[in-house]
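Note sheet for the following structure.
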Amino acid sequence: MRALFSVLVASLLLLAAHNGMSRAAIGSGPAAPAAMELLVFEHPDCVYCREFRRAVMPRYMQSAAAAEAPLRFIDITRTETGNLDLKGRIAAVPTAVLMKDGREFDRIAGYWGPDNFLKMLTHLIARAE
Numbered sequence: 000m001r002a003l004f005s006v007l008v009a010s011l012l013l014l015a016a017h018n019g020m021s022r023a024a025i026g027s028g029p030a031a032p033a034a035m036e037l038l039v040f041e042h043p044d045c046v047y048c049r050e051f052r053r054a055v056m057p058r059y060m061q062s063a064a065a066a067e068a069p070l071r072f073i074d075i076t077r078t079e080t081g082n083l084d085l086k087g088r089i090a091a092v093p094t095a096v097l098m099k100d101g102r103e104f105d106r107i108a109g110y111w112g113p114d115n116f117l118k119m120l121t122h123l124i125a126r127a128e
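Position one of the sequence shown corresponds to residue 0 (numbering that gives the first Met the number 0), numbered consecutively onward.
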């Protein structure tokens with residue numbers, strides 16, 4: 000049931016992105032309960048954050064990782080990160096943080112391109128399971 004819910008959430012996020020929903024509308028609500036979640040911290044003026052959405056997000060949404068760790072974008076200019084259980088501050092954007100049971104498990108800082116990002120994330124998810 001959890002896997003089905005994760006696939007549904009991933010599909011809705013992909014549909015929202017393709018329908019041109021605003022950055023604030025995607026993932027702006029409370030997170031759905033999940034053992035793992037991928038938080039992507041971004042800034043509206045960040046070129047690499049836009050490139051992440053353009054090049055990495057579609058590949059991620061079609062990957063097995065999307066079912067394991069639903070994706071949520073967090074605009075660092077509009078969201079207080081102090082209430083998240085992070086190991087440290089967000090020093091670069093984009094930064095993808097793999098959360099496990101509500102706590103940071105590990106992170107990928109910076110833009111690495113779709114192939115490298117998915118390889119690193121797959122490794123992190125395997126370690127987290």
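Even for Gly, the Cβ is constructed at its ideal location relative to N, Cα and C.
With fewer than three CB-CB distances shorter than 8 Å, the segment 68-78 does not count as touching the segment 103-113.
Beta-carbon to beta-carbon, D100 and A34 are separated by about 6 Å, close enough to satisfy the 8 Å threshold.
In the same chain as A91, and ignoring 5 residues on each side of it, the C-beta atoms closer than 6 Å to its own belong to A108, G109, in chain order. Of all alpha-carbon atoms in R102, G81, R77, Q61, the one lying nearest the alpha-carbon of D44 is that of R77. Around the Cβ of E36, a 10 Å sphere holds 16 or more other Cβ atoms; the residue is buried. In the three-state reduction of the DSSP assignment, D114 falls in the helix class, which pools H, G and I. A straight-line Cα-Cα distance of about 16 Å links M98 and F116.
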